[in-house]
Every structure is written in C-alpha cells, then in structure tokens.
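Undergrad: Using the working numbering, read the sequence shown as starting at 136 and increasing by one per residue.
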Amino acid sequence: EPFFQECREFVEGYNEVLHKELDNTTIWREVEDGLFWHHSFEVAAPQAYSALREEVFPPEAKWPAAEDAGAIAALLEDFGAALEKDATAKAKAEEIYQSFLEASAMPVKCVIRNV
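1. By DSSP, does TYR149 sit in helix, in strand, or in coil?
2. Answer with buried or exposed for GLU220, where buried requires no fewer than 16 other C-beta atoms within 10 angstroms of its C-beta.
3. Confirm, please, whether the CB-CB distance from LYS225 to LEU236 is below 8 Å.
4. With a CB to CB cut of under 7 Å and the five nearest residues on each side skipped, what residues in its chain are close to GLU167?
5. Only counting the same chain, and skipping five residues up and downstream in sequence, which positions put a Cβ closer than 8 Å to that of LEU187?
6. I'd like to know whether the C-beta atoms of ALA179 and LEU157 end up nearer to each other than 8 Å.
7. List the endpoints of the continuous alpha helix (DSSP H) containing ASP168.
8. Have a look at SER185 and HIS154 and give me their C-alpha separation to the nearest angstrom.
9. Among residues of its own chain, excluding the 5 on either side of HIS174, which ones have a beta-carbon nearer than 7 Å to its beta-carbon?
10. Using alpha carbons as the reference points, say which of ILE207, CYS245, ASN249, LYS244 lies closest to LEU170.
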C-alpha cells in the first residue's frame with residue numbers, strides 16, 4: 136500500500152532527542168517570542184545559527200546591556216537589514232528556518248510512528 140509506505144518513509148527520520156529539545160523551547164514563547172525563536176534555532180540548526188550570528192552580530196562583548204531595550208531593538212533592526220542586503224546571510228537564515236520547519240515535524244512523526 137503506497138500510503139503506508141509513505142508514512143514509514145516520513146517517520147524514519149524521527150529523532151527523539153531533537154523532539155524533546157525542541158519541545159523544551161516552547162516555554163520561551165510564554166516569556167518572549169524572540170527568545171522562543173532564538174532557542175528553537177539553537178536546537179534545530181546549532182552550527183548554522185551560530186555561524187550566522189557570528190557573521191552578522193558584533194562580538195557578544197559589544198552587545199548592549201540586557202536592560203537597554205532601545206539598543207537591543209536597534210541591533211535586531213541592523214540584523215534584519217543585513218539579511219536583506221547580504222544574499223549569503225539571507226540564504227543561511229533561510230537554511231536555519233528550513234531546519235526549524237523540519238524539526239517541527241518531530242511531534243507528528245512521533246504520533247504516526249506510534250500508531
């Protein structure tokens with residue numbers, strides 16, 4: 136039956152560790168949406184996300200203080216502008232988001248796998 140074969144192929148990439156780690160990032164959504172995305176990208180695409188941050192952001196020692204919301208907002212605006220101007224950085228960001236989307240399928244894969 137082709138349908139069941141497609142289901143088996145879909146769930147064979149299930150990763151329990153990734154599923155649990157991504158699930159653990161959902162708590163950040165209650166705190167702040169940006170923190171949810173940050174932690175989710177760290178889980179779904181750790182190397183690519185780290186490389187993009189190193190490429191686009193200044194070194195952490197030069198980041199604004201956590202309580203300086205205006206400076207943080209400006210830093211994030213600069214990040215967005217860099218993605219618009221730099222095709223390589225934009226491609227990395229798209230790769231990271233694609234990794235997140237693929238990782239987001241883990242709960243569904245788990246359910247199907249256990250049926």
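Just so it is clear, CB atoms sit at the ideal spot from N, CA and C, and this is done for glycine as well.
TA: Looking at the atomic coordinates:
1. For the purposes of this step, residue 149 is taken as the residue at position 14 of the sequence shown. Of the three classes helix, strand and coil, the one that applies to TYR149 here is coil, per DSSP.
2. Here residue 220 corresponds to residue number 85 of the sequence shown, with the count starting at 1. Correcting the residue type first, residue 220 is Lys in the shown sequence and not Glu. Exposed is the call here.
3. Reading the sequence shown from its first residue, position 101 is the one you call residue 236. Reading the sequence shown from its first residue, position 90 is the one you call residue 225. For LEU236 and LYS225, no; Cβs fall outside 8 Å.
4. Here the question's residue 167 lines up with position 32 in the sequence shown. Take GLU167, set aside five residues on each side of it, and no residue of its chain has a beta-carbon closer than 7 Å to its own.
5. Along the sequence shown, one-based indexing puts residue 187 at 52. Within the same chain, and ignoring the five residues on either side of LEU187 in sequence, the residues whose Cβ sits closer than 8 Å to its Cβ are ALA224, LYS227, ALA228, ILE231.
6. Translated into the one-based positions of the sequence shown, residue 179 becomes position 44. Translated into the one-based positions of the sequence shown, residue 157 becomes position 22. Yes, the pair counts as a contact, with Cβ atoms nearer than the cut-off.
7. The residue labelled residue 168 in the question sits at position 33 within the sequence shown. From DSSP, the alpha helix (DSSP H) with ASP168 extends over 168-179.
8. Start at 1 with the first residue of the sequence shown, and residue 185 comes out as number 50. Start at 1 with the first residue of the sequence shown, and residue 154 comes out as number 19. The alpha-carbon atoms of SER185 and HIS154 are separated by roughly 20 Å.
9. Looking up residue 174 in the sequence shown gives position 39. If we look at HIS174 and ignore the five residues flanking it on each side, its Cβ neighbours are THR160, TRP163.
10. By 1-based counting over the sequence shown, the position of residue 170 is 35. Among ILE207, CYS245, ASN249, LYS244, the Cα nearest to that of LEU170 belongs to ILE207.
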